[in-house]
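J.:
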Amino acid sequence: MRIGELAHHTGVSAKTLRFYEARRLLPDPGRTAAGQRDYPPEAVARVQFIKRAQAAGLTLAQIATVLAARDEGRAPCADVRALADDRLADVERRLDELSRVRASLRQLQARADALDPGECDPSAVCVAVPDGQD
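When the sequence shown is numbered by this note's numbering, its final residue is 140 and no position is left out of the sequence of numbers.
#1: Span of the alpha helix (DSSP H) holding Ala-143?
#2: So, Ser-19 versus Ala-13, is the Cβ gap smaller than 8 Å?
#3: Quick check: Leu-32 and Ala-59, are their CB atoms within less than 8 Å of each other?
#4: Arg-37 bridges to which residues according to DSSP?
#5: For the alpha helix (DSSP H) containing Ala-130, list its first residue and its last residue.
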């Protein structure tokens, strides 16, 4: 199957397929006599798995680990669980940080709403933005 056909069957661009190949997510498809990529039929399922794993929150590096386990003949489900645990912990940390940013922005809104623009100190850019001493 040529790259355009694989792209059509999976909804992934040819550029993305070449990227997956470069990252070793897709094995070398081999070439036709004319030098065109010639993907096996199972490449469709592999690309669909990559898309599902990304949608589930795994990174491409993590997906590569799962695919490597499968290519070695191992069932990668325990690996997927461990990767999901790690990824979830990372997402939780990021959510905590975003919560802090949201609270800070809400405080900034409240400070800006409470200020009278006529009383602003011209030497300060904007006193609504805390100087770190508050």
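Quick reminder that beta carbons are idealized off the backbone N, C-alpha and C, glycines included.
T.: Based on what the coordinates show:
#1: Residue 143 lies beyond the stretch modelled for the chain, which goes from 7 to 140, so this question has no answer here.
#2: yes
#3: Cβ distance not < 8 Å, so Leu-32 and Ala-59 don't count as in contact.
#4: Arg-43
#5: Per DSSP, Ala-130 belongs to no alpha helix (DSSP H) and is neither H nor E.
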